[in-house]
């Protein structure tokens with residue numbers, strides 16, 4: 001089928017550093033024609049945005065990003081060249097292009113065709129549409145590795161998830177519940193019904209009082225085994241007060257999204273680094289372990305997410321769907337930081 005394709009396609013590419021409105025251009029680019037061993041060629045049906053996408057777009061210098069470069073990381077599509085892999089032409093898949101791979105190959109997700117390793121692809125369960133499925137990989141693998149690889153969470157234990165209405169938080173809630181854990185999560189009051197619909201055992205509204213203050217005033221019994229901060233490197237207070245609500249031996253895990261590169265963003269990072277790394281416990285530092293999750297794609301994680309989707313234990317959360325041509329409007333939406341779930345691009349207008 002690949003031999004029947006035309007030579008060019010449309011792709012959203014970052015042509016310079018800056019905001020999406022300044023950096024992105026819809027261009028005609030070649031369809032990948034030479035696959036290396038282990039790669040497959042995919043016709044993209046839908047792609048999802050991630051905050052890391054526009055933050056890297058605005059921060060990475062050209063000598064690292066090697067612009068122009070096709071943007072974004074999560075996709076759903078159809079195999080058009082299996083290239084000797086375990087897949088077949090016509091297989092409908094979910095795929096993931098991590099940042100490191102994107103910088104190496106300059107391939108991305110918001111394009112009509114892309115190439116990626118077969119190990120970064122899994123069959124899309126038939127009960128999930130492309131527009132629902134495309135946003136699973138990055139946020140889902142971040143949630144899994146935060147909970148189990150870094151957090152060492154076990155069935156029956158209790159986890160507190162800060163930022164339960166975020167994409168990572170929403171996946172972490174569902175994945176932890178599927179593993180038989182108790183889950184408490186925070187979000188704003190307007191998102192309470194949404195977060196509770198994901199299966200949490202208890203909910204905290206951060207607009208009523210700072211979360212660390214609410215937990216100090218009414219500490220859980222027993223204390224939490226794990227805290228996953230899906231909000232990230234923003235304010236160290238939840239960590240620095242955690243002895244009151246995180247069990248000895250428990251772990252505080254931050255997903256650590258890139259900060260806003262403003263004076264406030266830089267100040268928040270400096271404050272967090274000081275509290276976490278530079279103040280030992282004997283000088284009044286926090287006597288709890290703090291770890292940052294550095295997501296590394298693992299085939300087994302992507303396959304586990306697929307199985308949870310197929311079994312109905314993980315439900316994708318989609319905030320909004322934009323046409324391929326309206327990609328800039330989609331970035332406007334995700335940058336509001338009010339999206340409840342994934343912001344999706346329907347690359348193929350025929351995709352569900």
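In the UniProt record's numbering, the protein residues as written are 1 to 352. Even glycine gets a Cβ: it sits at the ideal position worked out from N, Cα and C.
{"Check": "Please report the distance separating the alpha-carbon of residue 220 from that of residue 252.", "Outcome": "16 angstroms"}
{"Check": "Would DSSP call residue 157 helix, strand or coil?", "Outcome": "coil"}
{"Check": "Mind checking residue 64: buried by the 16 CB within 10 Å criterion, or exposed?", "Outcome": "exposed"}
{"Check": "How big is the Cα-Cα spacing for residue 76 and residue 111?", "Outcome": "11 angstroms"}
{"Check": "Suppose the cutoff is 8 angstroms on Cβ atoms and the five residues either side in sequence are ignored; what does the same chain contact list for residue 263 look like?", "Outcome": "Model confidence at residue 263 stands at a pLDDT of 41, short of 50, so the residue's coordinates are unreliable and nothing is read from them."}
{"Check": "So who's on the other strand from residue 103, going by DSSP bridges?", "Outcome": "Answer is none; residue 103 lacks a bridge partner."}
{"Check": "Closest to residue 340 by CA distance: which of 98, 190, 37, 25 is it?", "Outcome": "190"}
{"Check": "Please confirm if the segment 123-138 is in contact with the segment 192-199, defined as three or more CB-CB distances below 8 angstroms between the two stretches.", "Outcome": "no"}
{"Check": "Taking the CB atoms as reference points, tell me whether residue 358 and residue 139 lie closer together than 8 angstroms.", "Outcome": "For residue 358 there is no data in the structure shown, the boundaries of the chain being 1 and 352."}
{"Check": "Answer yes or no: do residue 239 and residue 207 have a C-beta to C-beta separation smaller than 8 angstroms?", "Outcome": "no"}
{"Check": "Would you mind listing the alpha helix (DSSP H) stretches within the segment 50-117 that are 4+ residues and don't spill past its ends, in chain order?", "Outcome": "51-59, 62-65, 99-105"}
{"Check": "So who's on the other strand from residue 162, going by DSSP bridges?", "Outcome": "186, 229"}
{"Check": "On a CA-only basis, which of 47, 7, 158 is nearest residue 321? Give me that one, please.", "Outcome": "47"}
{"Check": "For residue 27, which beta-bridge partners are listed by DSSP?", "Outcome": "11"}
{"Check": "On the three-state DSSP scale, how would you describe residue 245?", "Outcome": "coil"}
{"Check": "Taking 8 angstroms as the cut-off, decide whether the C-beta atoms of residue 116 and residue 136 are in contact.", "Outcome": "no"}
{"Check": "Go to residue 289, then tell me how far its beta strand (DSSP E) extends in each direction, as first and last residue.", "Outcome": "289-292"}
{"Check": "Which of helix, strand or coil does DSSP assign to residue 317?", "Outcome": "coil"}
{"Check": "Using the three-state DSSP reduction, which class does residue 263 fall into: helix, strand or coil?", "Outcome": "With a pLDDT of 41 at residue 263, under the threshold of 50, the modelled position of that residue is not reliable, and the figure given next carries that caveat. Three-state DSSP puts residue 263 in a helix."}
{"Check": "Considering just the uninterrupted stretch of the beta strand (DSSP E) at residue 39, what are its terminal residues?", "Outcome": "39-48"}
{"Check": "Less than 8 angstroms between the CB atoms is what I'm expecting for residue 310 and residue 228, so what's the real figure, rounded?", "Outcome": "Their Cβ separation, rounded to whole angstroms, is 24 angstroms, which puts residue 310 and residue 228 out of contact at 8 angstroms."}
{"Check": "So residue 242 and residue 210 are in contact, right, with Cβ under 8 angstroms, and what is the actual spacing, rounded?", "Outcome": "The Cβ separation is near 13 angstroms, so there is no contact."}
{"Check": "Output needed for residue 15: all residues of its chain with C-beta closer than 7 angstroms, excluding positions within five of it in sequence on either side, in chain order.", "Outcome": "23, 25, 67, 68"}
{"Check": "Can you tell me which of the three DSSP states residue 238 falls into?", "Outcome": "helix"}
{"Check": "Going straight from the alpha carbon of residue 259 to that of residue 141, what length do you get?", "Outcome": "Here the model assigns residue 259 a pLDDT of 48, short of 50, so the residue's position is not dependable, and the following value carries that caveat. C-alpha separation (whole angstroms): 20 angstroms."}
{"Check": "Determine, using beta carbons only, whether residue 51 and residue 17 come nearer to each other than 8 angstroms.", "Outcome": "no"}
{"Check": "For residue 353, which three-state DSSP category applies?", "Outcome": "Residue 353 lies beyond the stretch modelled for the chain, which goes from 1 to 352, so this question has no answer here."}
{"Check": "Could you pull out every residue in the same chain whose Cβ sits closer than 6 angstroms to the Cβ of residue 187, ignoring the five residues on either side in sequence?", "Outcome": "164, 165, 195"}
{"Check": "Suppose you measure from the CA of residue 261 to the CA of residue 73; what does that come to, to the nearest Å?", "Outcome": "At residue 261 the pLDDT is 44, less than 50, meaning the model places this residue with poor confidence and gives no usable figure here."}
{"Check": "Taking all protein chains shown into account, decide if residue 303 is buried (16 or more other Cβ within 10 angstroms of its Cβ) or exposed.", "Outcome": "exposed"}
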